[in-house]
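If you number the sequence shown the way the working numbering does, the last residue is 344 and the count never jumps. Ideal Cβ placement from N, Cα and C applies to all residues, glycine included. Here the structure is laid out as structure tokens; the discussion comes afterwards.
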Amino acid sequence: MIKKIFTAVTVSAFIFSCNNAGDKTNSKKENRVIVNENQEKNKDLIYLDTAENIYNILCQDWVMEDDAGSLEGMTESSQMEIPYRSLCFSANGTFFKNPRNSFDYGTWQYDDATKTITINNSIEKGKDVYKIAKIAYDEMTLVNTGIGSITNLKFIAPGKRYKNASDEPYSLQNNRWRIKPTSKESDSAIHQRLKENLYFFILFYKSALAKEDKAVSFWGLPSCFKWYGGAIFIKKKDELKDNWINCFYNKDQAMQAYALADKLLSQKYNWPKGEQNWLKLNLAVVELMYKKLDEVR
48 MIKKIFTAVT VSAFIFSCNN AGDKTNSKKE NRVIVNENQE KNKDLIYLDT
98 AENIYNILCQ DWVMEDDAGS LEGMTESSQM EIPYRSLCFS ANGTFFKNPR
148 NSFDYGTWQY DDATKTITIN NSIEKGKDVY KIAKIAYDEM TLVNTGIGSI
198 TNLKFIAPGK RYKNASDEPY SLQNNRWRIK PTSKESDSAI HQRLKENLYF
248 FILFYKSALA KEDKAVSFWG LPSCFKWYGG AIFIKKKDEL KDNWINCFYN
298 KDQAMQAYAL ADKLLSQKYN WPKGEQNWLK LNLAVVELMY KKLDEVR
């Protein structure tokens with residue numbers, strides 16, 4: 048599909064250019080989700096190809112184009128560390144970035160007059176300021192003007208998001224379980240943290256199905272479980288990664304959650320009969336695990 052580039056004033060165009068008008072591009076969508084326009088649209092999603100302003104387009108999950116294909120072939124047991132730079136903007140003014148690497152979170156603002164995005168980091172305790180050079184419903188080019196850079200950073204996105212922000216797996220509210228507590232937690236708080244961890248993966252599976260993700264990878268996402276097509280196992284203790292242990296106050300409390308997870312997985316679960324889609328199979332069982340966890344102490 049040939050896309051035309053217009054100035055940022057023409058907000059109903061396919062691509063918003065915040066510099067010069069008149070460019071044209073015919074870009075391949077390799078390693079991307081291609082949505083067949085003849086397919087029935089998911090009623091739970093907002094499709095941003097008809098968005099009428101830049102702010103609306105920004106409110107979705109973005110990944111740097113150079114990193115987008117790096118998850119292919121990566122499993123949870125992969126030892127190699129790779130960058131997967133991403134920005135997940137919510138319409139409520141919060142963000143969550145780099146969920147597969149060293150994450151951060153906080154608030155963000157978009158200034159339409161200057162075409163800049165300001166990100167207020169909670170962990171790094173600083174601001175990132177990006178100038179939008181070009182933006183479409185599924186791709187954008189940013190310049191990190193906050194550090195005086197002139198390098199173009201290209202990001203891509205699915206061009207769709209949930210109508211209800213609470214359904215997004217990478218929203219801040221669905222990742223608070225990852226924020227390390229500042230003091231020792233009670234048994235019930237540890238139980239709740241594990242439950243929110245499971246709920247994240249429920250949303251992760253649902254999102255992959257709804258947004259028709261081409262590739263699904265669990266690499267970099269904190270968990271004490273191993274996810275396979277039609278099978279779920281608990282990791283051995285020496286396989287637990289720091290990013291999961293660091294979700295808890297200390298290792299002892301992480302192992303307390305691990306013991307709960309071990310008990311949970313020892314329960315009996317009925318897998319859906321006749322279902323061939325491994326995402327739907329796993330989703331059904333994770334939902335059962337989520338409900339069953341309240342019975343496990």
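Legend entry - G277 (DSSP reduced to helix, strand or coil): It is coil, neither helix nor strand.
Inset, instruction - Pick out whichever of D185, L256, M121, N290 has its Cα sitting closest to the Cα of N324. - result: L256
Legend entry - Neighbourhood of A331 by C-beta distance below 6 Å, restricted to the same chain and skipping five residues each side: P319
Inset, instruction - Using a threshold of 9 Å, state whether the C-beta atoms of S133 and W155 are closer than that. - result: No, the Cβ-Cβ distance between S133 and W155 is not below 9 Å.
Legend entry - Where Y246 sits in the DSSP three-state scheme: helix
Inset, instruction - For the beta strand (DSSP E) containing I194, list its first residue and its last residue. - result: Annotation for I194: no beta strand (DSSP E) segment contains it, and DSSP assigns it neither H nor E.
Inset, instruction - Count the other CB atoms, across all protein chains shown, that sit within 10 Å of the CB of R344; report buried if there are 16 or more and exposed otherwise. - result: exposed
Inset, instruction - Express the C-alpha separation of K162 and G277 in angstroms, rounding to a whole number. - result: 46 Å
Inset, instruction - Assign V343 to one of three DSSP states: helix, strand, or coil. - result: coil
Inset, instruction - Tell me whether the beta-carbon of I237 lies closer than 9 Å to the beta-carbon of Q303. - result: yes
Inset, instruction - Flag this pair as yes or no: are the beta carbons of I281 and F272 separated by less than 9 Å? - result: yes
Inset, instruction - Kindly indicate which three-state DSSP category M336 falls into: helix, strand or coil? - result: helix
Inset, instruction - Counting only the same chain and skipping the five closest in sequence on each side, list residues whose C-beta sits under 6 Å from that of N290. - result: These residues qualify, in order along the chain: P269.
Inset, instruction - Count the other CB atoms, across all protein chains shown, that sit within 10 Å of the CB of N329; report buried if there are 16 or more and exposed otherwise. - result: N329 should be labelled buried.
Inset, instruction - Please go through the stretch 143-220 and give each complete beta strand (DSSP E) segment of 3 or more residues, from N-terminal end onward. - result: 151-158, 163-168, 174-183, 186-190, 199-203, 207-209
Legend entry - Helix, strand or coil at Y316 [DSSP, three-state]: DSSP places Y316 outside both helix and strand once states are collapsed to three, so it counts as coil.
Legend entry - Test item: CB-CB of Y177 and T192 under 9 Å: yes
Legend entry - the stretch 224-243 / the stretch 194-213 touching (three or more Cβ pairs under 8 Å): no
Legend entry - Pick from E342, W274, A115 that is closest to P205, judged by C-alpha positions: A115
Legend entry - Top-ranked residue by Cα proximity to S117, from I101, T97, I93, R147: R147
Legend entry - For S125, the nearest candidate out of F265, D341, A301, K338 (CA to CA): F265
Inset, instruction - Could you check how far apart the C-beta atoms of G153 and I164 are, in whole angstroms? I think they sit under 8 Å. - result: At roughly 12 Å, the Cβ-Cβ gap does not stay under 8 Å, so G153 and I164 are not in contact.
Legend entry - Helix, strand or coil at I226 [DSSP, three-state]: In the structure shown, I226 sits in coil (DSSP, three-state: anything other than H, G, I, E or B).
Inset, instruction - In the DSSP assignment, find the alpha helix (DSSP H) that holds W291 and state where it starts and stops. - result: If you look at W291, you'll find it in the alpha helix (DSSP H) that goes 289-292.
Legend entry - Exposed unless 16 or more other CB atoms sit within 10 angstroms - verdict on D299: exposed
Inset, instruction - Kindly indicate if chain B contains any beta-carbon less than 9 Å away from that of K273. - result: Protein chain content of the structure displayed is limited to a single chain, and chain B is not contained in it.
Legend entry - Spatial distance of I129 from N244 (CA atoms): Cα to Cα, the separation comes out at about 23 Å.
Legend entry - Reduced DSSP category for L134 - H, G, I as helix; E, B as strand; rest coil: strand
Inset, instruction - Using DSSP bridges, identify the partner residues of Y94. - result: K207
Legend entry - D260 (DSSP reduced to helix, strand or coil): coil
Inset, instruction - Please say whether N168 and K227 have beta carbons closer to each other than 9 Å? - result: no
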